[in-house]
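S.K.: A single structure is presented below for examination.
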Amino acid sequence: MTDTTDIKFSDESMALINNLIKRYPEGKHKSALLPVLHIAQAEFDGWLSVPVMDKVADILNIQPIEVYEVASFYSMYNLKPVGKCLIEVCRTSSCWLRGANDIVAHIEKRLGIKDGETTADGKFTLKTVECLGSCGTAPMLQIGEQFYENLTLEKVDELINNPQLVAKHSTYLDHTTFRKN
Amino acid sequence: MGRKVLLEHINEAGIQGYDVYRSKGGYASVEKALKTMAPDAIVEEVKKSGLRGRGGAGFPTGMKWSFLAKPEGVPRYLVCNADESEPGTFKDRYLMEHIPHLLIEGMITSSFALGANTSYIYIRGEYFYLVRILEKAIAEAYANGWLGKNILGTDYSLDLYVHPGAGAYICGEETALIESLEGKRGNPRIKPPFPAIAGLYGCPTVVNNVETIAAVVPVVNMGGDEYAKIGLGRSAGTKLISASGHIKKPGVYEIEMGITVEEFIYSDEYCGGILNDKKLKAVVAGGSSVPVLPADLILKTANGEPRLMTYESLADGGFATGTMLGSGGFIVMDESTSIVQNLHTFARFYHHESCGQCSPCREGTGWMEKILHKILDGHGTLEDIDLLWDIQRKIEGNTICPLGDAAAWPVASAIRHFRSEFEDFVKNPTAHREVKYYFHCNNLDTAASYSSL
Amino acid sequence: MQLENDMAKVTIDGIQIEVPDGTTILNAARMIGPDVAPPTMCYYSKLKTSGGYCRTCLVEVTKGSEKDPRPMPKLVASCRTTVMDGMEVSNNTSAKVKDARAGVVEFLLLNHPLDCPVCDQAGECHLQDLGYEHGNYKTRTDFERRTFDKIDIGDKVQLHMTRCILCYRCVKTAEQITDGRVHGVINRGDHAEISTYVAQAIDNDFSGNVIDVCPVGALTDKTFRFKSRVWFTKPVDAHRSCDTCSGKVVLWYQGEEVLRVTGRKDEWGEVEEFICNTCRFDKKKTSDWTIEGPRKINRHSVIAANHYTNLVKPKEFKLNEIKQITE
Numbered sequence: 019m020t021d022t023t024d025i026k027f028s029d030e031s032m033a034l035i036n037n038l039i040k041r042y043p044e045g046k047h048k049s050a051l052l053p054v055l056h057i058a059q060a061e062f063d064g065w066l067s068v069p070v071m072d073k074v075a076d077i078l079n080i081q082p083i084e085v086y087e088v089a090s091f092y093s094m095y096n097l098k099p100v101g102k103c104l105i106e107v108c109r110t111s112s113c114w115l116r117g118a119n120d121i122v123a124h125i126e127k128r129l130g131i132k133d134g135e136t137t138a139d140g141k142f143t144l145k146t147v148e149c150l151g152s153c154g155t156a157p158m159l160q161i162g163e164q165f166y167e168n169l170t171l172e173k174v175d176e177l178i179n180n181p182q183l184v185a186k187h188s189t190y191l192d193h194t195t196f197r198k199n
Numbered sequence: 002m003g004r005k006v007l008l009e010h011i012n013e014a015g016i017q018g019y020d021v022y023r024s025k026g027g028y029a030s031v032e033k034a035l036k037t038m039a040p041d042a043i044v045e046e047v048k049k050s051g052l053r054g055r056g057g058a059g060f061p062t063g064m065k066w067s068f069l070a071k072p073e074g075v076p077r078y079l080v081c082n083a084d085e086s087e088p089g090t091f092k093d094r095y096l097m098e099h100i101p102h103l104l105i106e107g108m109i110t111s112s113f114a115l116g117a118n119t120s121y122i123y124i125r126g127e128y129f130y131l132v133r134i135l136e137k138a139i140a141e142a143y144a145n146g147w148l149g150k151n152i153l154g155t156d157y158s159l160d161l162y163v164h165p166g167a168g169a170y171i172c173g174e175e176t177a178l179i180e181s182l183e184g185k186r187g188n189p190r191i192k193p194p195f196p197a198i199a200g201l202y203g204c205p206t207v208v209n210n211v212e213t214i215a216a217v218v219p220v221v222n223m224g225g226d227e228y229a230k231i232g233l234g235r236s237a238g239t240k241l242i243s244a245s246g247h248i249k250k251p252g253v254y255e256i257e258m259g260i261t262v263e264e265f266i267y268s269d270e271y272c273g274g275i276l277n278d279k280k281l282k283a284v285v286a287g288g289s290s291v292p293v294l295p296a297d298l299i300l301k302t303a304n305g306e307p308r309l310m311t312y313e314s315l316a317d318g319g320f321a322t323g324t325m326l327g328s329g330g331f332i333v334m335d336e337s338t339s340i341v342q343n344l345h346t347f348a349r350f351y352h353h354e355s356c357g358q359c360s361p362c363r364e365g366t367g368w369m370e371k372i373l374h375k376i377l378d379g380h381g382t383l384e385d386i387d388l389l390w391d392i393q394r395k396i397e398g399n400t401i402c403p404l405g406d407a408a409a410w411p412v413a414s415a416i417r418h419f420r421s422e423f424e425d426f427v428k429n430p431t432a433h434r435e436v437k438y439y440f441h442c443n444n445l446d447t448a449a450s451y452s453s454l
Numbered sequence: 031m032q033l034e035n036d037m038a039k040v041t042i043d044g045i046q047i048e049v050p051d052g053t054t055i056l057n058a059a060r061m062i063g064p065d066v067a068p069p070t071m072c073y074y075s076k077l078k079t080s081g082g083y084c085r086t087c088l089v090e091v092t093k094g095s096e097k098d099p100r101p102m103p104k105l106v107a108s109c110r111t112t113v114m115d116g117m118e119v120s121n122n123t124s125a126k127v128k129d130a131r132a133g134v135v136e137f138l139l140l141n142h143p144l145d146c147p148v149c150d151q152a153g154e155c156h157l158q159d160l161g162y163e164h165g166n167y168k169t170r171t172d173f174e175r176r177t178f179d180k181i182d183i184g185d186k187v188q189l190h191m192t193r194c195i196l197c198y199r200c201v202k203t204a205e206q207i208t209d210g211r212v213h214g215v216i217n218r219g220d221h222a223e224i225s226t227y228v229a230q231a232i233d234n235d236f237s238g239n240v241i242d243v244c245p246v247g248a249l250t251d252k253t254f255r256f257k258s259r260v261w262f263t264k265p266v267d268a269h270r271s272c273d274t275c276s277g278k279v280v281l282w283y284q285g286e287e288v289l290r291v292t293g294r295k296d297e298w299g300e301v302e303e304f305i306c307n308t309c310r311f312d313k314k315k316t317s318d319w320t321i322e323g324p325r326k327i328n329r330h331s332v333i334a335a336n337h338y339t340n341l342v343k344p345k346e347f348k349l350n351e352i353k354q355i356t357e
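Read top to bottom, the protein sequences are chains B, A and U.
With our numbering applied, the first sequence covers 19 to 199.
With our numbering applied, the second sequence covers 2 to 454.
With our numbering applied, the third sequence covers 31 to 357.
And the structure:
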């Protein structure tokens, strides 16, 4: 196990984690692994480093390999650093029919990066993803928990020019997402 | 106008919140169930209603419920499958976003029927903004006494939690969903045992789709017999259809099962016809997994009967000339669409989503994607088409879970119905690539578009 | 009468056998014998919950049971399907099974490097046998194969992931017979790999057993690496008194030298008992062991090629005779 002494969740996050663990029966705290990894990713710059995952293993009292196995299985966990604004563009059938490839190509051209890459200034990462359930409002992309739908190239430009999106790391959740049990 | 039982009040301002939902008769099914019905009586009503699983498989819900084992002293679980990830499907998202209390009401009534005291809604991680909405609605339900201890003064107690996934289509398969809910990789379990015997934490578990659970509300309110009168024959009730692709009015429509496909595509009440009044080429009627059908076969069966939006009519003719209602993900393609390229997006999807446990799916999905990519790249051969056919044939039916079939069927049907287009593509790839298929956002040169394939 | 109730009659490839209720089709077939038993790559009777992944043991159930004679709609994994009284199963007699199995072999070999000439597992590799018996003679793919770097997991075991078929046996071994699993399956789909994720040694008394359970050359014994081909070595049963394990092993000799030590494998290629790392890696002198005698090796195995009794030398052909045969 790596040294995790530097990894400290905020009090707010720890309270949230403890709240979530209580949602599962006694002894079944491993169930909280997926939400806890989401919280960890939101807290530590949008990705899961080995020490962060080891810390999660420690909190849930499971083996680190159990965390690695899970973190590497699900597509929303980033195992490498990402830019502040992670742009996830859907490209499956319905989005493709409505021009998703052009959206991707446009972002690539605008940001000078390819799918999976991060801009040199660390502001944007482009990731193509599979169906996000937004087929009726295609083409679409997701940044953090926000869906941006019925995209046009102009809308994409607006997004890229929006300084708020790179002010801090995009996250799927915050401390107000879950209610207190 | 077809009858609506789920989205009847969807246009009511504030229906997302508790007060308006309650004022429109919300939570009546919980009152009726808890105060006047025995759990088994609810199961009976669901059986009588003819309600079938709305997630894709169409298995009778009442029968699924009656399989649930009830050993003494062992908790039972109801888990709502909100992992909606089948390409072309976004109806559960729509329902949860616009009328979240309907799902919560359904969860309470269904949990009571099944004797579950803890229930979970497993929602795909990409829908985190919906977690927020559901959490708020659940908090409202607790605050108003619909959840928690001794609901409505009865001895029935229920806790309901939302559990987010983290990006894995496979978790829509019920045993993979259970594994994921236990904090593991979303690897489907080898069955038997089925979840009804040993599911979540090894306890008897029912996993039902969002729409199925929501439909329990009208079933209980109006009674099973009344519900069974809606729809057509064994396709009882209404179905939420997610319409997308080349249509004028994409969106979620609640249809009474039995309307014709033609009406659904062309009437202003639903899809409003093909975008830019082009010709219809093909439809994927029930989410990416189901066979694609060309225009003539989706509008009429092989016998020349009008094709109806029912489980039976869509399946008429088997896979030779029919398809499936599936999840109701209705993807429409106009005459300009390349079936080969669309298939490539499906193949890439299944390759990306295969969990990797069993060899035919793990290796076969990637192989099919590579071959399709090769064809799109202009290096395909006629033998590649036969090879694709053979690979899908060897995946189908030979895998642990239905993902293998789901990956195989789109390939099989595309080749079955559009073989000449594949041959044409192989023989003259340049023509296919550069002329026909990139003009949706036409301010980009085609070469740039192609590079992002 | 009680006994009768607890038994089920099952017919596999036309041969009937009575087995206890709860027996899997695979084990019933194994009871009949190796000619009827379906091949397996991931099932391992000593490991709980193993099986179901590789799909090589798929069989056709032509009659479900006496009570419900309907055939099963799909081929089933015989290792995870229990028999029912009156069940009828086709394995080698089913064209569907043969076709599906050839498909599975093709899938398993799709990304396999076929580097048998430099693989220590050659000669005792289940994938080699499977491909030989059930596969096609030529490949239909020319795509680049998936490759991984070789990794040392500890100083005694090497992981060559490129050869792995993801049978999960080593993961279940670590889970079930060692304390504290540090390796597992990471990533998903055809990116899935056996890994410790962070460079880490698998370090415990029984870790060496992952070598014995691996059906291919993905986990190999570094102390034996490139020393010899297995068919040049002579297996000898031996034992020693060991505090950690049964001490019952096979020593693999070349001349006077013990090149490697393994567990004793039965006719299905499964170890009879797991052995400890001390016996496996540290006891390589004849004086460490009590020798029992030559290990009986199936005469079909390539390992049996160079030794043992009743050896009949093949006829030596003259050049013109060979020409006659090949033309």
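Yeah, the Cβ is synthetic: ideal placement off N, Cα and C, and Gly gets one too.
For clarity, every value in this text was computed on a predicted model and none was experimentally measured.
How would you call A/Arg363, buried or exposed, if buried means at least 16 neighbouring beta carbons within 10 angstroms?
M.R.: Against the second sequence, residue 363 of chain A aligns to sequence position 362. By the 16-neighbour rule on beta-carbons within 10 angstroms, A/Arg363 is buried.
S.K.: Establish whether the CB of A/Glu354 and some CB of chain U are separated by less than 9 Å.
M.R.: By 1-based counting over the second sequence, the position of residue 354 of chain A is 353. Interface residue, yes.
S.K.: Counting only Cβ-Cβ distances shorter than 8 Å, please list the residues of the stretch 150-166 of chain B near chain U, keeping chain order.
M.R.: none
S.K.: Mind checking who A/Pro165 pairs with in its DSSP beta bridge?
M.R.: Start at 1 with the first residue of the second sequence, and residue 165 of chain A comes out as number 164. Answer by DSSP bridge pairing, in chain order: A/Ile124.
S.K.: Quick one: what does DSSP say A/Phe331 is sitting in, helix, strand or coil?
M.R.: Walking along the second sequence from the start, residue 331 of chain A turns up at place 330. A/Phe331: strand per DSSP, three-state reduction.
S.K.: Could you compute how far the alpha carbon of B/Glu172 sits from the alpha carbon of A/Asp335?
M.R.: Within the first sequence, residue 172 of chain B is the residue found at index 154, counting from 1. Within the second sequence, residue 335 of chain A is the residue found at index 334, counting from 1. When rounded, the distance between both Cα atoms is 25 Å.
S.K.: Could one say the Cβ of U/Ile195 lies closer than 9 Å to chain A's Cβ atoms, at least one of them?
M.R.: Stepping through the third sequence from its first residue, residue 195 of chain U is reached at position 165. Yes, contact with chain A.
S.K.: If I measure Cβ to Cβ from U/Val215 and keep anything under 8 Å in the same chain, skipping five residues before and after, which residues do I get?
M.R.: As a first step, residue 215 of chain U is located in the third sequence; it is residue number 185 there, counting from the start. Closer than 8 Å at Cβ, skipping near neighbours: Leu196, Tyr198, Val201, Ala222, Glu223, Ile224 and Ser225.
S.K.: Let me check understanding here. Comparing Cα to Cα, which of A/Ile152, A/Leu161 and A/Glu127 lies closest to A/Ile139?
M.R.: By 1-based counting over the second sequence, the position of residue 139 of chain A is 138. Minimum Cα distance to A/Ile139 is reached at A/Leu161.
S.K.: What number of angstroms, rounded off, separates the C-alpha of A/Leu115 from the C-alpha of A/Tyr19?
M.R.: Within the second sequence, the letter at position 114 stands for residue 115 of chain A. Within the second sequence, the letter at position 18 stands for residue 19 of chain A. Cα to Cα, A/Leu115 sits roughly 25 Å from A/Tyr19.
S.K.: Taking three-plus beta-carbon pairs below 8 Å as touching, is the stretch 328-342 of chain A in contact with the stretch 83-94 of chain A?
M.R.: Three or more Cβ pairs drawn from the stretch 328-342 of chain A and the stretch 83-94 of chain A lie within less than 8 Å of each other, which places the two stretches in contact.
S.K.: Can you tell me the Cβ-Cβ gap for A/Gly287 and A/Leu241, rounded? I've got them flagged as a contact below 8 Å.
M.R.: Reading the second sequence from its first residue, position 286 is the one you call residue 287 of chain A. Reading the second sequence from its first residue, position 240 is the one you call residue 241 of chain A. That pair is no contact at about 12 Å.
S.K.: Helix or strand or just coil, what does DSSP make of B/Glu166?
M.R.: By one-based count along the first sequence, residue 166 of chain B stands at place 148. The residue asked about is misnamed: residue 166 of chain B is Tyr in this sequence, not Glu. Strand.
S.K.: Taking Cβ to Cβ, would you say A/Asn210 is nearer than 9 Å to A/Gly54?
M.R.: Sequence index remark: in the second sequence, residue 210 of chain A carries index 209 (1-based). Sequence index remark: in the second sequence, residue 54 of chain A carries index 53 (1-based). Taking 9 Å as the Cβ cut-off, A/Asn210 and A/Gly54 qualify as a contacting pair.
S.K.: Output needed for A/Arg4: all residues of its chain with C-beta closer than 8 Å, excluding positions within five of it in sequence on either side, in chain order.
M.R.: Taking the second sequence and counting its residues from 1, one reaches residue 4 of chain A at position 3. Excluding residues within five positions, the ones whose Cβ falls inside 8 Å are Ile231, Thr239 and Glu257.
S.K.: Would you give the residue range spanned by the beta strand (DSSP E) that B/Asn96 belongs to?
M.R.: What you label residue 96 of chain B is simply residue 78 of the first sequence in a count that begins at 1. Here B/Asn96 belongs to no beta strand (DSSP E), and DSSP marks it neither H nor E.
S.K.: Looking at chain U, is there any beta carbon in it that lies within less than 9 Å of the beta carbon of A/Leu135?
M.R.: Residue numbering aside, residue 135 of chain A sits at position 134 when the second sequence is read from its first letter. No - not a single Cβ of chain U is within 9 Å of the one on A/Leu135.
S.K.: Applying the criterion that 16 or more other CB atoms from any shown protein chain within 10 Å of the CB defines a buried residue, is B/Thr155 buried or exposed?
M.R.: In the first sequence, residue 155 of chain B corresponds to position 137, counting from 1. By the neighbour-count rule (16 or more Cβ atoms within 10 Å), B/Thr155 is buried.
S.K.: Output the boundary residues of the beta strand (DSSP E) element that contains U/Asp267.
M.R.: Taking the third sequence and counting its residues from 1, one reaches residue 267 of chain U at position 237. Run containing U/Asp267: Lys264 to His269, per the beta strand (DSSP E) assignment.
S.K.: Using only alpha-carbon positions, find the residue among U/Asp172, U/Arg131 and U/Val106 that is nearest to U/Val119.
M.R.: Mapped onto the third sequence, residue 119 of chain U falls at position 89. Relative to U/Val119, the option among U/Asp172, U/Arg131 and U/Val106 whose CA is nearest is U/Val106.
S.K.: Tell me whether the beta-carbon of A/Ile124 lies closer than 9 Å to the beta-carbon of A/Pro165.
M.R.: Mapped onto the second sequence, residue 124 of chain A falls at position 123. Mapped onto the second sequence, residue 165 of chain A falls at position 164. Going by C-beta atoms, A/Ile124 is nearer than 9 Å to A/Pro165.
S.K.: State whether the stretch 304-322 of chain U contacts the stretch 272-288 of chain U, with contact taken as three or more CB pairs (one from each stretch) at a distance under 8 Å.
M.R.: With a cut-off of 8 Å on Cβ pairs, the stretch 304-322 of chain U is in contact with the stretch 272-288 of chain U, counting three or more such pairs.
S.K.: Hey, out of U/Lys348, U/Ala125 and U/Glu300, whose CA is closest to U/Val279's CA?
M.R.: On the third sequence, residue 279 of chain U is found 249 positions in, with the first residue counted as 1. For U/Val279, the nearest C-alpha among the options comes from U/Glu300.
S.K.: Report the option in B/Gln182, B/Asn37 and B/Ser90 whose CA atom is closest to the CA atom of B/Ile77.
M.R.: Position 59 of the first sequence, counted from the first residue, corresponds to residue 77 of chain B. The candidate whose alpha carbon is nearest that of B/Ile77 is B/Asn37.
S.K.: Buried or exposed: which applies to A/His433, given that a residue is buried once 16 or more other Cβ atoms fall within 10 Å of its Cβ?
M.R.: By one-based count along the second sequence, residue 433 of chain A stands at place 432. Buried, by the Cβ-count rule.
S.K.: Contact defined as beta carbons within less than 8 Å: I believe A/Pro205 pairs with A/Lys71. What is the distance between those atoms, to the nearest angstrom?
M.R.: Locating residue 205 of chain A in the second sequence gives position 204, where the first residue counts as 1. Locating residue 71 of chain A in the second sequence gives position 70, where the first residue counts as 1. About 7 Å; that satisfies the 8 Å criterion.
S.K.: In chain order, which beta strand (DSSP E) runs of at least 3 residues are fully inside the stretch 212-246 of chain U?
M.R.: 214-216 and 223-225
S.K.: CB of U/Gly299 to nearest heavy atom of the ligand NAP: below 8 Å?
M.R.: What this structure holds is no ligand at all, so the ligand NAP is not there to describe.
S.K.: Apart from the five residues on each side of it in sequence, which residues of its chain come closer than 6 Å, Cβ to Cβ, to A/Cys172?
M.R.: Here residue 172 of chain A refers to the residue found at position 171 of the second sequence. So the qualifying residues of the chain are Asp84, Gly166, Leu178, Ser181 and Gly187.
S.K.: For U/Trp319, which three-state DSSP category applies?
M.R.: Residue numbering aside, residue 319 of chain U sits at position 289 when the third sequence is read from its first letter. Here U/Trp319 sits in coil by DSSP.
S.K.: Would you check if the stretch 135-144 of chain U and the stretch 160-177 of chain U touch, i.e. whether three or more CB-CB distances between them fall below 8 Å?
M.R.: The stretch 160-177 of chain U vs the stretch 135-144 of chain U: in contact.
S.K.: Under a three-way DSSP split, which group does A/Ala237 fall into?
M.R.: Walking along the second sequence from the start, residue 237 of chain A turns up at place 236. The answer is strand: DSSP assigns A/Ala237 an E or B state.
S.K.: Between the C-alpha atoms of U/Val246 and U/Gln151, what's the straight-line distance to the nearest angstrom?
M.R.: Taking the first residue of the third sequence as 1, we reach residue 246 of chain U at position 216. Taking the first residue of the third sequence as 1, we reach residue 151 of chain U at position 121. Roughly 6 Å between the two C-alpha positions.
S.K.: Quick check on the DSSP output: what are the complete beta strand (DSSP E) runs of length 3 or more inside the stretch 272-302 of chain A, in order along the chain?
M.R.: 281-285 and 293-295
S.K.: Measure the Cβ-Cβ separation of B/Leu52 and B/Tyr92 and say whether it is below 9 Å.
M.R.: Sequence index remark: in the first sequence, residue 52 of chain B carries index 34 (1-based). Sequence index remark: in the first sequence, residue 92 of chain B carries index 74 (1-based). Taking 9 Å as the Cβ cut-off, B/Leu52 and B/Tyr92 qualify as a contacting pair.
S.K.: Leaving out the 5 sequence neighbours to the left and right, which residues in its chain are closer than 6 Å to B/Asp29 when beta-carbon positions are compared?
M.R.: The count along the first sequence starts at 1 and reaches residue 29 of chain B at position 11. Nothing meets the Cβ criterion.
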